[in-house]
Amino acid sequence: MTTVTQLHEVRRWSMLGLGVFAQAASAVFVNGVAFLLPALTDRGMSLAAAGLLVAMPTVGLVCTLIAWGYVVDRIGERKVLIGGPLLMLAAGAAAAASTNDIALGALLFLGGVGAASTNGASGRLIVGWFPPHRRGLAMGIRQTAQPLGVAVGALAVPAVAATYGVPAAILVPAAMAGLAAVGCLIGIVDPPRPARTTDVALRANPYRGDDTLWRIHAVSVLLVIPQGVVWTFALLWLHRDAGWSLAAAGILVTGTQILGAAGRIGTGAWSDRVGSRLGPLRTVAVAAVLSMAALAVTAWAHMWWAAIPLLVAASVITVSDNGLAFTAVAELAGPYWSGRGLGIQNTGQNLAMAAVPPAFGALIATSGFAAAYLVAAGLAVAAVPLVPTGRRGE
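Heads up: take any position in the sequence shown, counting from 1, add 710, and you land on this note's numbering.
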């Protein structure tokens, strides 16, 4: 027990850093390819078809999140955090060499399968190594991986694609995944868990007889759609409607993702301070409604002086709920179900995220960006009353 405690104190922050980097590599692979939309459409592909292609990593991720969660619950985090990034590396390298759009889509799907590995695994590292009064902050830091990964994608993927082509741009997340696999091989230690024979309650299915976890999952699905709309189409909106260059638009999107990462840390620390995950989650949901609705109005009116700041605000607000919900799910699910609980959580979110590029791409093509922002705001409205109350974490 002494050895575990010393290991906990000395290495937990380094393992958090490795988890963040592995998840960031996954985020670049899954979300960064969305920034290939200008390059793909410029070579003659329709927006709907290009949207479907860049959604393939998310589809691969969605199809395997629960399975990876089960594997995490069975064999631990370390092996998963090595094997998944290695799969991303192999799939990305093969995709970069592909000359056929169907094969490219299949390989991006396979890369998404590898990317799914980091979601539940790195989350369980936080719950396993950090005490409850620090988990909100630690999980907030861990959840910065996604906006930071998107920031890297926004900065690197369009620039590399414009200079060296689409294949070279796909190698960016593949290389990150390779580095993540090496780092996790060296630095990850699986957190201890209670013996299976010590507490029957810990092994009980937390989904039976209680809808709290299901409601958190539903809230997260609804709130991830505004996030996906902003992430996927902000670059294109700034370029085509606002008249910004791709370079300038990429810099702004990168900045919003960095601010979003800071927002996740802030909401995590806030939840630790108030002793609640769900109270702050409800507040963030209301803020998402207001920011997306205001963005829709100003985008429709071409009030760029207001629309651009609102885009920045919406980009920060719509990512701030993820860490809160993620921490709540991990805590409520317990040590023998958190892998699957986080898998279910991320499956719902990423299934919704996968639908965003083709569905909202078609909506934008017929009705414009303002309509897409308004629909996203309407979905956030539905999330507010679903946030659970009166339970641990409230």
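For every residue, glycine included, the Cβ atom is placed at its ideal position computed from N, Cα and C.
Any idea if residue i is buried or exposed, counting beta-carbon neighbours within 10 angstroms, 16 or more meaning buried?
i             : result
glycine 985   : exposed
proline 670   : With the chain covering 711 to 1104 only, the question about residue 670 has no answer from this structure.
serine 827    : buried
threonine 809 : exposed
aspartate 783 : buried
glycine 1071  : buried
alanine 848   : buried
glycine 1051  : buried
glycine 953   : exposed
alanine 874   : With the sequence shown as reference, residue 874 is identified as tyrosine, and alanine is not the correct amino acid for it. Classification of tyrosine 874: exposed, given that the 10 Å Cβ count is below 16.
arginine 753  : exposed
arginine 983  : exposed
Find the nearest neighbour of residue i within the set the options, judged by alpha-carbon distance.
i                 : options                            : result
alanine 959       : Gln733, Leu865, Ala825 and Pro841  : Leu865
methionine 1013   : Gly863, Asp951, Leu835 and Asn1060 : Asp951
arginine 722      : Gly989, Asp900 and Gly1078         : Asp900
phenylalanine 731 : Met755, Gly779 and Ile898          : Ile898
valine 1085       : Ala1016, Leu757, Leu817 and Leu932 : Leu932
alanine 1065      : Ser736, Asp982, Met766 and Ala749  : Met766
isoleucine 1054   : Thr964, Trp924 and His949          : Trp924
proline 902       : Leu835, Gln853, Trp941 and Trp1010 : Leu835
tryptophan 1010   : Asp982, Gln967, Gly1078 and Ser981 : Gly1078
serine 1025       : Ser724, Ala861 and Ser756          : Ala861
leucine 817       : Trp947, Ile880, Gln967 and Thr993  : Ile880
Between the C-alpha atoms of residue i and residue j, what's the straight-line distance to the nearest angstrom?
i              : j                 : result
isoleucine 961 : phenylalanine 943 : 14 Å
alanine 957    : glycine 729       : 30 Å
alanine 804    : alanine 884       : 10 Å
glutamine 716  : alanine 1087      : Confidence in glutamine 716 is poor, its pLDDT being 48 and thus under 50, which makes the residue's placement unreliable; the coordinate value appears in the next sentence. One C-alpha to the other measures close to 47 Å.
arginine 974   : leucine 726       : 15 Å
leucine 747    : glycine 850       : 29 Å
leucine 799    : leucine 775       : 18 Å
valine 870     : leucine 820       : 22 Å
glycine 978    : valine 837        : 13 Å
valine 743     : glutamate 787     : 26 Å
alanine 928    : leucine 1096      : 7 Å
leucine 1042   : tryptophan 941    : 29 Å
Give every residue of the same chain whose Cβ lies closer than 6 Å to the Cβ of residue i, excluding the five residues on either side of it in the sequence, and list them in chain order.
i              : result
alanine 734    : Ala855, Leu858 and Gly859
alanine 825    : Ser736, Phe739, Val740, Leu771 and Met798
glycine 815    : Leu763 and Met766
methionine 711 : In this prediction, methionine 711 scores a pLDDT of 38, lower than 50, which makes its location untrustworthy; the coordinate-derived value is nonetheless stated afterwards. Closer than 6 Å at Cβ, skipping near neighbours: no residue.
Can you list, in chain order, the residues of its chain with a C-beta nearer than 7 Å to that of residue i? Leave out the 5 residues immediately preceding and following it.
i                 : result
threonine 1008    : Ala1016, Ala1017 and Leu1020
phenylalanine 745 : Gly863, Ala864, Val867, Pro868 and Leu945
methionine 1063   : Thr768, Val934 and Gly938
Closer than 7 Å: is that where the CB of residue i sits relative to any heavy atom of the ligand FMN?
i          : result
valine 963 : Among the components modelled here there is no ligand, and therefore nothing to report on the ligand FMN.
Which residues in the same chain as residue i place their Cβ atom closer than 8 Å to its Cβ, once the five residues preceding and following it in sequence are excluded?
i            : result
alanine 1075 : Leu757 and Ala758
request  = Determine, using beta-carbon pairs with one atom in the region 992–1007 and one in the region 879–897, whether at least three such pairs fall under 8 Å.
outcome  = When C-beta atoms of the region 992–1007 are compared with those of the region 879–897, fewer than three pairs fall below 8 Å, so the two segments do not count as touching.
ask   = Is the region 1028–1035 touching the region 923–941, taking contact as three or more C-beta pairs under 8 Å?
value = At 8 Å Cβ cutoff, the stretches touch.
key: the region 792–811 in contact with the region 915–934 per 3-pair CB rule at 8 Å   = For the pair of segments examined, the region 792–811 was found not to touch the region 915–934: the number of CB pairs separated by less than 8 Å stays below three.
ask   = Pairing CB atoms from the region 1051–1059 with CB atoms from the region 965–984, are three or more of them under 8 Å?
value = No, the region 1051–1059 is not in contact with the region 965–984.
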